[in-house]
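Below is one structure; the comments refer to it alone.
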Amino acid sequence: MEIQQYISQLNEAQQAPVLQKDGPMIVIAGAGSGKTRVLTTRIAYLMSQGVDPFNILALTFTNKAAREMKSRIADIVGKSEAKNLWMGTFHSIFAKILRFEADKLGFPSNFTIYDTQDSVRLISSIIKEMQLDKDVYKPKQVLNRISSYKNSLITVRAYFNNPELQEADAMSKKPRLGEVYEKYVDRCFKAGAMDFDDLLLRTNELLNRFPEVLMKYQDRFKYILVDEYQDTNHSQYLIVKALSDRFQNICVVGDDAQSIYAFRGANINNILNFQKDYDGVEMYRLEQNYRSTKNIVEAANSIIDKNKVKLEKVVWTANDDGPRIKVHRSLTDSEEGRFVASTIFEHKMKEQRKNGDFAILYRTNAQSRAMEDALRKRDIPYRIYGGLSFYQRKEIKDVLAYLRLIINPKDEEALMRVINYPARGIGNTTLEKLTIAANHYDRSIFEVMENIDRIDLKLNSGTKNKLSDFVTMIKSFQVINESQDAFFLADHVTKKTGLVQELKKDATPEGIARIENIEELLNGIKDFIEGQKEVDGARGALSEFLEDVALATDMDKDTSDEDRVALMTIHLAKGLEFPYVFVVGMEEDLFPSAMSMNTRSELEEERRLFYVALTRAEYQAYLTYAQSRYRWGKLVDSEPSRFIEEISENYLEHLTPIQTGYKFKSMIDNDIFGDVDKSKYRQNKPVSGTPPKWATDDEPKPDANIRRLKPMSRSVPSGNSNMPDTKLAVGNVVMHERFGKGKVLNLEGVGADKKAEIRFDVGGIKKLLLRFAKLEVI
Ligand code: ATP
Ligand code: MG
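Counting from 1, one number per residue, gives the positions in the sequence shown under UniProt numbering.
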């Protein structure tokens, strides 16, 4: 197709930034308004105007997005031309450039890229070597801190030249953080390794220190385009700024309402300040949404309206009203999974839909388990994006390996996986000897181990004891399996083998997530046996469960071009679209996440995340929540997310009667929700005499044992706490646990309601309720 035809398919507002060949420009527009399409068409247009694809740099948020854009451009200009475009994520593009230029920075060109796990491990060992308390210097937290320094271009030297930063770390009880940072950078350098942040930081270093290199790339990238500009961090921002400085042919597109990576240092000001950064910036706005129905567009508008920090935008659509957003409540997360799976099944049947037309989006990866189980039962193929299928995760495979050994001790793969995990001092030499003997006697390794005293393998008695202890342990599990159900057994195994203790040593978020995954596995087993009991009153059902799971992993083999339902976190779904979208786990503490409700800005980021989720839907959106979820084999209740209530009823259709929860919302909206431990509010609530509200009186109320009211173990926070609020005065410099150092600008209210307005060095101005904010005057 001719380029003119492509351009003529765009509306006028979209054509303008496509046809402005030169100069700086920014397109700010809501979801689904064609920003990405403008970028794609613009690239094709530039090429049609004789711009060499080698001179075009396009930065996307995911590699998937880059691939898709490339293939669309190939449709217009031909494959061989499209191939020469520099198109990819910041990390992939600049890793490529760094390989060319590595020697200038003293790195080998085949430098290793450390992933987060590598980085955390390295930091842990540094902390250990320095004999620091790892409960104070939590490795993951330390890495986050280092990461935020790197993304703000604070190098080790800059750090040591900045007394305020050192002071702030000292105040948060980590006076030696700078040393850890220095050692970490040093060790990475010696190992010829860069972590993710280094790819950006070192690019900045390269462009700063070597003017000739900067000129070379400025000259190469005559045209620069950036998608999802709202999510660039400072380091990325500076790279774009440096590279585009010479020709100033820079086109960025973004939507402030979809900024969802502030927690990783993305800076929304990049979009707000763009006009100041370049001369003669053209600002374009797109208002027509082509993706979604009226119901979805308007509901999404009504959500984002609740945010205070935003650019005012118009988003409308000429599309049909479409069906209302369907809201569904279920009793448990597995029922939620079944609802989603059967709804997908019905749509497929009635409307001849493909699996690929459906997406299931969740806030946290652990939620995929219930969805996977339900989809499998319905024989609906699915694909998990970002992250392994639940049953392929290492910690899950470890538990499953023990369970497999109980059922079949000859299972060699399972044995090898766990014989020395957690570590029991059974080394590789021993394993080699066992394998040789097993081959010689034509027996399984486990059988060799059972007879270890009768075979001369030249093992010392210590090793022999370790092997027979392992055998005894597995046999004891087999005995339990005779009399107890699979949930009891699995729970016992995770404890007795030391697996859970092993994981508990790792207090990083990843470590905690692994324990949560094991918890999820146990919940899954519990669900499974409950189901089995219903069918045939089966007691154990371990082997059936394992078979079920084995088939699940079989189905997950790479099948990228097959037609599958997409499962992913909302963060990963940015920029994508699907006819049907299920946003699951719409519950308080899950979405919005319990960890993101401490400040207004965190809550607003969660709300933007919800906006992103909803605007992925082209035709029909479902919001589902469960009244209770299994945690460690126990039902824990949950309330519907405030986000559901925030959508006007005009756009909703309730498939189940409405349940309303506590109104945390009003507290947040009072703007005093500074740094509040939310659990206190929960306990506070019954005292203030407000019972949970139910929409209608004939609405079934939950069982007493799954009622939301938690035991009143802690007292209600009161005004005369031990906080130095009475002594606090305007002008005081204070230290806050989370926000660091700040200056008191204003005080208002009295007693329990006393609030302080504080300008923090990092994070800006916040209003905190003094009875909660732990402030120290310094
Ligand atoms: P997001 O903010 O979610 O990234 P976006 O602004 O990048 O969204 P696109 O993905 O470019 O929006 O476009 C949304 C959908 O609308 C796509 O399917 C795109 O092909 C289609 N679209 C965009 N512009 C037009 C148009 N002028 N005519 C028809 N379809 C269009
Ligand atoms: Mg887009």
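Glycine is no exception: its CB is placed at the ideal position from the N, C-alpha and C atoms. Since we're looking at a predicted model, the values are computed, not measured.
Could you give the distance in angstroms between the alpha-carbon of D589 and the alpha-carbon of E510? Position 589 of the sequence shown, counted from the start, is the residue given in the question as residue 589. Position 510 of the sequence shown, counted from the start, is the residue given in the question as residue 510. Rounded to whole angstroms, D589 to E510 spans 19 Å at the Cα level.
Taking only runs that begin and end inside the stretch 572-646, name each unbroken alpha helix (DSSP H) of 4 or more residues, in chain order. 600-614, 642-646
Distance, Cα to Cα, R616 vs A573? Taking the first residue of the sequence shown as 1, we reach residue 616 at position 616. Taking the first residue of the sequence shown as 1, we reach residue 573 at position 573. In a straight line, the C-alpha of R616 is about 7 Å away from that of A573.
Does the distance from the C-beta atom of S628 to that of L635 stay below 8 Å? Taking the first residue of the sequence shown as 1, we reach residue 628 at position 628. Taking the first residue of the sequence shown as 1, we reach residue 635 at position 635. Yes; because the gap between Cβ atoms is below 8 Å, this pair is in contact.
Using the DSSP secondary-structure output, state which residues sit across from M371 in a beta bridge. The residue labelled residue 371 in the question sits at position 371 within the sequence shown. DSSP, once it has assigned bridges, lists no residue as partnering M371.
What do you reckon, is the C-beta of D589 under 7 Å from a heavy atom of the ligand MG? Working through the sequence shown from its first residue, we reach residue 589 at position 589. It does not: the Cβ of D589 is nowhere closer than 7 Å to a heavy atom of the ligand MG.
May I ask you to verify whether the stretch 314-326 touches the stretch 34-53, counting CB pairs closer than 8 Å and requiring at least 3? no
Would you call the CB atoms of K174 and V136 closer than 8 Å? As a working note, residue 174 is residue 174 in the sequence shown. As a working note, residue 136 is residue 136 in the sequence shown. Cβ distance < 8 Å, so K174 and V136 count as in contact.
Residue environment, E776, which counts as buried when at least 16 other CB atoms sit within 10 Å: Indexing the sequence shown from 1 puts residue 776 at position 776. Around the beta carbon of E776, a 10 Å sphere encloses fewer than 16 other beta carbons of the protein chains shown; the residue is thus reported as exposed.
In chain order, what residues of the same chain have a beta carbon less than 7 Å from the beta carbon of A74, not counting five sequence neighbours either side? The residue given as residue 74 occupies position 74 in the sequence shown. Around A74: A82.
Does the Cβ of G524 lie closer than 7 Å to at least one heavy atom of the ligand MG? Residue 524 sits at position 524 when you count from the first residue of the sequence shown. No, the beta carbon of G524 sits no closer than 7 Å to any heavy atom of the ligand MG.
Start-to-end residues for the alpha helix (DSSP H) that takes in F94: Locating residue 94 in the sequence shown gives position 94, where the first residue counts as 1. Where F94 is concerned, the enclosing alpha helix (DSSP H) stretches over 90-101.
Could you tell me whether the stretch 590-604 touches the stretch 275-286, using the rule of 3 or more Cβ pairs below 8 Å? no
Sorry if obvious, but does the Cβ on A414 come closer than 7 Å to a heavy atom of the ligand ATP? Along the sequence shown, read from residue 1 onward, the residue named residue 414 stands at position 414. Flag unset: Cβ of A414 not near the ligand ATP.
Going by the C-beta, is D75 closer than 7 Å to any heavy atom of the ligand ATP? Walking along the sequence shown from the start, residue 75 turns up at place 75. False, no ligand heavy atom lies under 7 Å from that Cβ.
Would you say I758 and G740 are within 8 Å of each other, going by their C-beta atoms? In the sequence shown, counting from the first residue as 1, residue 758 sits at position 758. In the sequence shown, counting from the first residue as 1, residue 740 sits at position 740. Inclusion of I758 and G740 in the CB contact set at 8 Å is not warranted, their separation being larger than that value.
CA-to-CA distance, A490 to R707, given in whole angstroms: If you number the sequence shown from 1, residue 707 lands on position 707. If you number the sequence shown from 1, residue 490 lands on position 490. With a pLDDT of 30 at R707, under the threshold of 50, the modelled position of this residue cannot be trusted; read the value that follows with caution. Distance between the alpha carbons of R707 and A490: 28 Å.
Could you tell me which residues DSSP pairs with Q288 in its beta bridges? Position 288 of the sequence shown holds residue 288. DSSP links Q288 through a beta bridge to W316.
Which class does D231 belong to by DSSP, given the choice of helix, strand or coil? Reading the sequence shown from its first residue, position 231 is the one you call residue 231. Helix, per DSSP.
How would you write the range of the alpha helix (DSSP H) that T332 sits in, first residue to last? Translated into the one-based positions of the sequence shown, residue 332 becomes position 332. Not the alpha helix (DSSP H): T332 falls in the beta strand (DSSP E), residues 325-332.
I'd like to check one pair, M449 with L434: are the Cβ atoms closer than 8 Å? For this step, residue 434 is matched to residue 434 along the sequence shown. For this step, residue 449 is matched to residue 449 along the sequence shown. Yes; because the gap between Cβ atoms is below 8 Å, this pair is in contact.
How do the stretch 480-489 and the stretch 520-535 stand: do at least 3 beta-carbon pairs fall below 8 Å, yes or no? yes
When you compare only the Cα positions, how much space is there between F111 and E447? For the purposes of this step, residue 111 is identified with residue 111 of the sequence shown, where counting begins at 1. For the purposes of this step, residue 447 is identified with residue 447 of the sequence shown, where counting begins at 1. Their Cα atoms are separated by approximately 45 Å.
Quick check for students: name the residue ranges of the beta strand (DSSP E) that lie wholly in the stretch 415-443, counting only runs of 3 or more. The stretch 415-443 contains no whole beta strand (DSSP E) run of 3 or more residues.
Sequence-distant residues of the same chain with beta carbon closer than 6 Å to A414, five excluded per side: In the sequence shown, counting from the first residue as 1, residue 414 sits at position 414. Taken in chain order, the residues that qualify are A401, R404, L405.
On the DSSP bridge list, what partners appear for G764? Counting from one through the sequence shown, the residue named residue 764 turns up at place 764. BP columns for G764 point to F760.
Going by beta carbon distance, what residues of the same chain come within less than 7 Å of N270, once the five residues before and after it are set aside? As a working mapping, residue 270 is identified with position 270 in the sequence shown. If we look at N270 and ignore the five residues flanking it on each side, its Cβ neighbours are Y229, T232, Y237.
Out of L521, R443, I407, point me to the one whose CA is closest to Q478's CA. The sequence position of residue 478 within the sequence shown is 478, counting from 1. When each option's Cα is compared against that of Q478, the closest is I407.
Flag this pair as yes or no: are the beta carbons of A621 and V584 separated by less than 8 Å? Taking the first residue of the sequence shown as 1, we reach residue 621 at position 621. Taking the first residue of the sequence shown as 1, we reach residue 584 at position 584. No, the Cβ-Cβ distance between A621 and V584 is not below 8 Å.
Are there any heavy atoms of the ligand MG lying less than 7 Å away from the beta-carbon of G511, as far as the coordinates show? Against the sequence shown, residue 511 aligns to sequence position 511. Not so, every heavy atom of the ligand MG lies at least 7 Å from the Cβ.
By the three-class DSSP mapping on this structure, what secondary structure does G524 have? The count along the sequence shown starts at 1 and reaches residue 524 at position 524. Three-state DSSP puts G524 in a helix.
Closer than 8 Å by C-beta to S638: which residues in its own chain qualify, once you throw out the five before and the five after it? Chain order, please. What you label residue 638 is simply residue 638 of the sequence shown in a count that begins at 1. Closer than 8 Å at the Cβ level, and outside the excluded window around S638, lie E587, E588, D589, L590, Y625, A626, Q627, S628, R629.
Sub-8 Å separation of I325 and I296 beta-carbons: On the sequence shown, residue 325 is found 325 positions in, with the first residue counted as 1. On the sequence shown, residue 296 is found 296 positions in, with the first residue counted as 1. Against a cut-off of 8 Å, the Cβ pair of I296 and I325 comes out as a contact.
Please confirm whether L105 and R187 have their CB atoms less than 8 Å apart. Within the sequence shown, residue 105 is the residue found at index 105, counting from 1. Within the sequence shown, residue 187 is the residue found at index 187, counting from 1. No.
For the ligand MG, enumerate in chain order all residues having a CB closer than 7 Å to any of its heavy atoms. K35, T36, D227, E228, G575
Pairwise C-alpha distance: Y382 and G749: Locating residue 749 in the sequence shown gives position 749, counting from the first residue. Locating residue 382 in the sequence shown gives position 382, counting from the first residue. C-alpha separation (whole angstroms): 54 Å.
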